[in-house]
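Please read the structure below before turning to the comments.
Protein chains in written order, with this note's numbering: chain A, 505 to 758; chain B, 1396 to 1511.
Below you can see the structure in the form of C-alpha cells.
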C-alpha cells in the first residue's frame, strides 16, 4: 500500500517518521529520556524551560544501533536492513536499541548526556531560573519537516504547542540547533498564535556573560579552532556568540 | 496550508511556488564546487538539483524516484544559500530542495489515498 511513498522517500526516513509519531523520539526507543536529570532537581515550572532534544538524550542508543548496523553491513546486510531488523524486534516486544546501548550510560558516565548536565550547570551558574519538562518533553518533529512529511509536521507542531501551553511556558532554551531552529523559525509559520520566545543555549550564555561578573578560566592553556555548525550558523544565524564566549575564557586561544 | 479541501489545487500551487523560486537562480554555478556532497557530477550540487527539479516539474524529465534520490543526497547545510545571498540573488536552493521533498511526499500520499 505504501508503494508510492516508498518510491519517493528513502526507507530509513519512513522508519524515522514512524518513530517520531509513535514513540516521540527519533531512534524509537522506549527508554527514559529524563534519566540524566535525576540528580539535578529541575522544577517543572520556571522562567526558562530547558529543551533537551532527541540528539543528546538518545545518542547513546543510536551509537549502539549504528555499531550493530555497521557490523551487519560487513556481513552483507544493507544499513536499511539493520534498521528494519531492529524494528522487527520491537514488534515482538524486544527493545533492541536499549540492549545495544551502553548499559552504564545514564547520567554522568556517558559523553552525550554529560553535555546536558553541564549545560544546565552553566545556566544555573549564570543565575537563570531553569526548568525541564522531564518525560513530557515532546520531540520537535524537525525530521518530519526535512523528510518531506509536511502535513504530519504541522499536526505534530500543533500538538506540541498545546503541551507547551499546558505547562505555561513563555521562554524556551534549546541546546540542539535543529530543534531550536524548528521551534523558533518553522513553528510560527504553521501554528497560529505562536508566541514562545526561543533561544539557543549559546545566545543566552553570551548575553549573560556580558552582564555577569564572571570570568571563566581554564586550568591549562589551550588553543582551539572553531567550526561553524550548519544549523547553528546558517539556520539560526548565531555566528558571533560562540566566538564571544570562547574569547571571554581566560587561558583559551581562538 | 493544513487539511486540504482541494488537494490537487494545493499541489499545483506548491509546484508553482517551487518553479517561481527556481527562476531566481542566476545559473552562476558558484554553488557547484563548494557543495559538500559534490564528487564531480553537477547534480551533486544545488544548481544541478534545482535544474533537475525544474526539468522534472516542467517537462517530466526523469522519474520521481530518480529525482528523490538527488534530493535526499542533499545534506541541507545551506552553504549554497549563503553563497546566493553573498551574490545578492534571491535564490533559496536549500529551501527549494526541502519544499520539493514535501511536494513529492504529498503527491505520493495523495496518489495512495486515491488508490485506496
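We treat Cβ as the ideally placed atom computed from N, Cα and C, and that holds for glycine.
The alpha helix (DSSP H) with residue 677 of chain A in it runs from where to where? The residue labelled residue 677 of chain A in the question sits at position 173 within the first chain. Looking at the DSSP string, residue 677 of chain A is not in any alpha helix (DSSP H); the run it does join, the beta strand (DSSP E), is 675-678.
In DSSP terms, what residue 634 of chain A is bridged to: Position 130 of the first chain holds residue 634 of chain A. Residue 634 of chain A is bridged to A:552.
Could you pull out every residue in the same chain whose Cβ sits closer than 8 angstroms to the Cβ of residue 1474 of chain B, ignoring the five residues on either side in sequence? Mapped onto the second chain, residue 1474 of chain B falls at position 79. Excluding sequence neighbours, residue 1474 of chain B sits near 1426, 1429, 1430 and 1431.
So is residue 1442 of chain B in contact with chain A if we call contact Cβ pairs under 8 angstroms? Indexing the second chain from 1 puts residue 1442 of chain B at position 47. Closer than 8 angstroms: no.
Nearest chain B C-beta to residue 512 of chain A closer than 8 angstroms, yes or no? Mapped onto the first chain, residue 512 of chain A falls at position 8. Yes, its Cβ sits closer than 8 angstroms to a Cβ of chain B.
Grab me the residues of residue 528 of chain A's own chain with a C-beta within less than 8 angstroms of its C-beta, minus the 5 sequence neighbours each way, in chain order. Your numbering for residue 528 of chain A matches position 24 in the first chain. Once the five neighbours on either side are set aside, the close Cβ partners of residue 528 of chain A are 642 and 643.
At the 8 angstroms Cβ level, is residue 1422 of chain B part of the contact set with chain A, yes or no? Here residue 1422 of chain B refers to the residue found at position 27 when the second chain is read from its first residue. No, residue 1422 of chain B does not count as interfacial toward chain A.
Check each candidate in A:512, A:734, A:719 and A:754 and name the one with the smallest Cα separation from residue 1477 of chain B. Working through the second chain from its first residue, we reach residue 1477 of chain B at position 82. If we check each option's Cα against that of residue 1477 of chain B, A:734 comes out closest.
Nearest chain A C-beta to residue 1448 of chain B closer than 8 angstroms, yes or no? Stepping through the second chain from its first residue, residue 1448 of chain B is reached at position 53. The beta-carbon of residue 1448 of chain B is placed no less than 8 angstroms from the nearest beta-carbon of chain A.
Tell me where the beta strand (DSSP E) around residue 721 of chain A begins and ends. The residue given as residue 721 of chain A occupies position 217 in the first chain. Element bounds for residue 721 of chain A: 721-727.
Is residue 754 of chain A near residue 743 of chain A, with beta carbons less than 8 angstroms apart? Counted from its first residue, the first chain places residue 754 of chain A at position 250. Counted from its first residue, the first chain places residue 743 of chain A at position 239. No, Cβ-Cβ distance for residue 754 of chain A and residue 743 of chain A is not below 8 angstroms.
C-beta neighbour in chain A for residue 1400 of chain B, strict 8 angstroms: Position 5 of the second chain, counted from the start, is the residue given in the question as residue 1400 of chain B. Residue contact with chain A for residue 1400 of chain B: absent (no Cβ-Cβ distance below 8 angstroms to any residue of chain A).
Within 8 angstroms of any Cβ in chain A, is that where the Cβ of residue 1488 of chain B sits? Here residue 1488 of chain B refers to the residue found at position 93 of the second chain. So no, residue 1488 of chain B is outside the interface.
Kindly list, in the order they appear in chain B, the residues whose Cβ is closer than 8 angstroms to that of residue 509 of chain A. In the first chain, residue 509 of chain A corresponds to position 5, counting from 1. Those within 8 angstroms of residue 509 of chain A in chain B are 1500, 1503, 1504 and 1507.
Using DSSP with H/G/I as helix, E/B as strand and the rest coil, what is residue 690 of chain A? Position 186 of the first chain, counted from the start, is the residue given in the question as residue 690 of chain A. Correct three-state label for residue 690 of chain A: helix.
For residue 609 of chain A, count neighbouring C-beta atoms within 10 Å of its own C-beta (all shown protein chains included) and say buried if the count is 16 or more, exposed if not. Here the question's residue 609 of chain A lines up with position 105 in the first chain. Interpretation of residue 609 of chain A is limited by its pLDDT of 45, a score under 50 that renders its predicted location unreliable; the figure taken from the coordinates is listed afterwards. Flag for residue 609 of chain A reads buried.
Assigned exposure category for residue 1455 of chain B - 16 Cβ within 10 Å defines buried: Here residue 1455 of chain B is taken as the residue at index 60 of the second chain, counted from 1. When all chains shown are included, residue 1455 of chain B counts as exposed.
Within the 8 angstroms Cβ cut-off, does residue 740 of chain A reach chain B? For the purposes of this step, residue 740 of chain A is taken as the residue at position 236 of the first chain. No, no contact with chain B.
Taking the continuous beta strand (DSSP E) assigned at residue 704 of chain A, which residues delimit it? One-based indexing of the first chain puts residue 704 of chain A at position 200. That run of the beta strand (DSSP E) goes 701-704.
With three or more beta-carbon pairs closer than 8 angstroms as the criterion, would you say the segment 509-521 of chain A touches the segment 631-651 of chain A? yes
Can you give the Cα-Cα distance for residue 526 of chain A and residue 548 of chain A, rounded to whole angstroms? Residue numbering aside, residue 526 of chain A sits at position 22 when the first chain is read from its first letter. Residue numbering aside, residue 548 of chain A sits at position 44 when the first chain is read from its first letter. Cα-Cα distance, rounded: 24 angstroms.
For residue 612 of chain A, which three-state DSSP category applies? Counting from 1 along the first chain, the entry for residue 612 of chain A is found at position 108. Any reading at residue 612 of chain A must be qualified, since the residue scores a pLDDT of 46, below 50, and its modelled position is unreliable; the value itself is stated next. In the structure shown, residue 612 of chain A falls within a coil segment according to DSSP collapsed to helix, strand and coil.
is_contact[residue 1485 of chain B, chain A] using C-beta, thresh 8 angstroms: Mapped onto the second chain, residue 1485 of chain B falls at position 90. No, because no Cβ of chain A sits closer than 8 angstroms to the Cβ of residue 1485 of chain B.
What do you reckon, is the C-beta of residue 638 of chain A under 7 angstroms from a heavy atom of the ligand PLP? The ligand PLP is not part of the structure shown, which contains no ligands of any sort.
Proximal residues of chain A, C-beta to C-beta of residue 1460 of chain B below 7 angstroms: Numbered from 1 along the second chain, position 65 holds the residue referred to as residue 1460 of chain B. Neighbours of residue 1460 of chain B on chain A, chain order: 511 and 512.
Please tell me whether residue 1428 of chain B has its Cβ less than 8 angstroms away from any Cβ of chain A. If you number the second chain from 1, residue 1428 of chain B lands on position 33. No, no contact with chain A.
Measure the C-alpha to C-alpha separation of residue 625 of chain A and residue 512 of chain A and round it to an integer number of angstroms. Residue mapping note: residue 625 of chain A aligns to position 121 of the first chain, counting from 1. Residue mapping note: residue 512 of chain A aligns to position 8 of the first chain, counting from 1. Near 44 angstroms, if we compare the C-alpha coordinates of residue 512 of chain A and residue 625 of chain A.
Within 8 angstroms, strictly: CB atoms of residue 695 of chain A and residue 678 of chain A: Counted from its first residue, the first chain places residue 695 of chain A at position 191. Counted from its first residue, the first chain places residue 678 of chain A at position 174. If you check the CB distance, residue 695 of chain A and residue 678 of chain A do not come in under 8 angstroms.
Quick check on residue 1417 of chain B - is its C-beta less than 8 angstroms from some C-beta in chain A? Within the second chain, the letter at position 22 stands for residue 1417 of chain B. It does not: the Cβ of residue 1417 of chain B has no partner Cβ on chain A nearer than 8 angstroms.
Return the CA-CA distance between residue 614 of chain A and residue 1468 of chain B, expressed in angstroms with no decimal places. Within the first chain, the letter at position 110 stands for residue 614 of chain A. Within the second chain, the letter at position 73 stands for residue 1468 of chain B. Taking the straight line joining both Cα atoms gives about 31 angstroms.
In or out: residue 1501 of chain B buried (at least 16 other Cβ within 10 Å) or exposed? Here residue 1501 of chain B corresponds to residue number 106 of the second chain, with the count starting at 1. Buried, because 16 or more other Cβ atoms sit within 10 Å of the Cβ of residue 1501 of chain B.
Anyone know if the C-beta pair for residue 1421 of chain B and residue 1484 of chain B falls short of 8 angstroms? Here residue 1421 of chain B refers to the residue found at position 26 when the second chain is read from its first residue. Here residue 1484 of chain B refers to the residue found at position 89 when the second chain is read from its first residue. In contact: residue 1421 of chain B and residue 1484 of chain B (Cβ atoms closer than 8 angstroms).
Taking 8 angstroms as the threshold (C-beta atoms), are residue 675 of chain A and residue 553 of chain A in contact? Start at 1 with the first residue of the first chain, and residue 553 of chain A comes out as number 49. Start at 1 with the first residue of the first chain, and residue 675 of chain A comes out as number 171. It is a contact, given that the beta carbons lie within the stated cut-off.
Relative to chain B, which residues along the segment 633-663 of chain A have a C-beta separation below 8 angstroms, given in chain order? 649, 650, 651, 652, 653, 654, 655, 658 and 659
Near residue 1433 of chain B, which residues of its chain fall below 8 angstroms by C-beta distance, leaving aside the five closest residues on each side in sequence? Here residue 1433 of chain B refers to the residue found at position 38 of the second chain. Hits under 8 angstroms: 1427, 1439 and 1440.
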